[in-house]
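K.L.:
Residue numbers are given in the working numbering: position 16 of the sequence shown equals residue 821, and the series is strictly consecutive. Positions of the beta carbon are idealized from the N, C-alpha and C atoms, including for glycine. Being a predicted model, the structure only gives us computed values, none of them experimental. My structure is below; once you've seen it, I'll send some questions.
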Amino acid sequence: MKTVSIAIDGPSGAGKSTLARSIASTLGYLYVDTGAIYRSIGYDMCVQGIDVKDEAAVVARLPEVRVELTYGEDGLQHMLVGGEDVTERIRTPQVSMAASAVSAYPAVREYLLEMQRELARTHNVVMDGRDIGTVVLPDATVKIFLVASAEERARRRMLELQQRGMDEPFEKVLREIEERDYNDSHRAAAPLRQAEDAVLLDTTELDFRESEQALLRLIRERTAE
Ligand code: DC
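Printed below as a string of structure tokens:
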């Protein structure tokens, strides 16, 4: 089967997940949140008390981590670690930083590559992450690079955390966003960067509906869907 794949990359908080999920539902494609996979690895390391800055320790633990991606009856992606559903627990600021740290290690990226490619081989997907258009799916049907200013992303992240009952000051959220941007784009292994054939979409001035419409337009132009 020839599948269609929509790759959406960009920095933290640019709205990738919310937009990708909604677009996948409109198109009837599978939504794959690859950040959640890195978060699951980061979560496991935290639970095991492993220092995520210690590459050798993380890599040594890797073969023991049982990460599974499933789709619930709600149609949403769920992450299991050691058979336990950690979908909600991987959303804390601590796990965000751990995910950013472990995702810099080539062994971690290599370990997760096939899992991501297999999903795109067997389903039409909207996949979001940092290196989908550049490394995971270099032949994706449509590649989008989604950006927004760091301040706007911090504002959105703060609202999202508030909705989950976690109140964080703006300055702290902004600092963490900037720190993750730096980590994600300066690492040697698959750094965050726009693929040459990706379309840049800046959502700083766009609300959710406008961003969604702009994305769907871009996808339809390129897939004749
Ligand atoms: O999108 P997110 O915030 O849930 O991602 C969590 C971390 O995982 C992020 O700091 C970078 C990393 N990541 C990555 O390196 N490659 C991906 N394809 C997706 C996420």
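For the stretch 817–902, which segments carrying the beta strand (DSSP E) assignment without a break, of at least 3 residues, lie completely within its bounds, in sequence order?
P.N.:
DSSP runs (the beta strand (DSSP E)) wholly in the stretch 817–902: 835–838, 872–876 and 882–886.
K.L.:
When the Cβ atoms of the stretch 907–923 are set against those of the stretch 965–979, are three or more pairs found closer than 8 Å?
P.N.:
The answer is no - the stretch 965–979 does not touch the stretch 907–923, with fewer than three Cβ pairs under 8 Å.
K.L.:
Using 9 Å as the threshold, is the C-beta distance between T1008 and G820 below it?
P.N.:
In this structure, G820 lies closer than 9 Å to T1008 by Cβ.
K.L.:
Grouping DSSP H, G and I as helix and E and B as strand, with all else coil, what is D814?
P.N.:
Here D814 sits in strand by DSSP.
K.L.:
CB M902 to CB R985, shorter than 9 Å?
P.N.:
Taking 9 Å as the Cβ cut-off, M902 and R985 qualify as a contacting pair.
K.L.:
Which word fits S954, buried or exposed, when buried means at least 16 other C-beta atoms lie within 10 angstroms of its C-beta?
P.N.:
Exposed, since its Cβ has fewer than 16 Cβ neighbours within 10 Å.
K.L.:
For the putative contact between V870 and V907, defined by C-beta atoms under 8 Å, what is the C-beta separation to the nearest angstrom?
P.N.:
So it is not a contact: roughly 10 Å between Cβ atoms.
K.L.:
So, helix, strand or coil for V940, using DSSP?
P.N.:
Helix, per DSSP.
K.L.:
I need the DSSP call for V809, collapsed to helix, strand or coil.
P.N.:
Here V809 sits in coil by DSSP.
K.L.:
So is the beta-carbon of G820 under 8 Å away from any non-hydrogen atom of the ligand DC?
P.N.:
No, Cβ of G820 sits at least 8 Å from all heavy atoms of the ligand DC.
K.L.:
List the DSSP bridge partners of K948.
P.N.:
Beta-bridge pairing links K948 to A812.
K.L.:
What I want to know is whether the C-beta of T839 ends up closer than 8 Å to one or more non-hydrogen atoms of the ligand DC.
P.N.:
Within the cutoff, so yes.
K.L.:
On the criterion of 16 or more Cβ atoms from any shown chain inside 10 Å, does T939 qualify as buried, or is it exposed?
P.N.:
The residue in question, T939, is buried, as its Cβ has 16 or more Cβ neighbours within 10 Å.
K.L.:
Contact between the stretch 880–900 and the stretch 806–819: three or more CB pairs below 8 Å?
P.N.:
Flag = no, the stretch 880–900 and the stretch 806–819 do not touch.
K.L.:
Using 8 Å as the cut-off, classify the Cβ of D936 as near or not near the heavy atoms of the ligand DC, replying yes or no.
P.N.:
Yes, since a heavy atom of the ligand DC falls inside the 8 Å radius drawn around the Cβ of D936.
K.L.:
Using DSSP with H/G/I as helix, E/B as strand and the rest coil, what is L966?
P.N.:
It is helical.
K.L.:
What are the boundary residues of the beta strand (DSSP E) that M932 is part of?
P.N.:
M932 -> beta strand (DSSP E) spans V930 to G934.
K.L.:
I believe L951 touches G815 by the beta-carbon criterion, under 8 Å. Please report the beta-carbon distance rounded to the nearest angstrom.
P.N.:
Yes, they are in contact, since the Cβ atoms of L951 and G815 sit about 4 Å apart, within 8 Å.
K.L.:
With DSSP as the reference, label L1006 as helix, strand or coil.
P.N.:
Correct three-state label for L1006: strand.
K.L.:
Taking its Cβ as the centre, do 16 or more other Cβ atoms sit within 10 Å of R1022, making it buried, or is it exposed?
P.N.:
Classification for R1022: exposed.
K.L.:
Apply the 10 Å Cβ neighbour rule to K977 and answer buried if 16 or more other Cβ atoms are within range, or exposed otherwise.
P.N.:
The residue is exposed, with fewer than 16 neighbouring Cβ atoms inside 10 Å.
K.L.:
If you draw a straight line from the C-alpha of V930 to the C-alpha of A904, how long is it?
P.N.:
Each residue's alpha carbon lies about 23 Å from the other.
K.L.:
For G880, does the count of other Cβ atoms within 10 angstroms reach 16, so buried, or fall short, so exposed?
P.N.:
That one is exposed.
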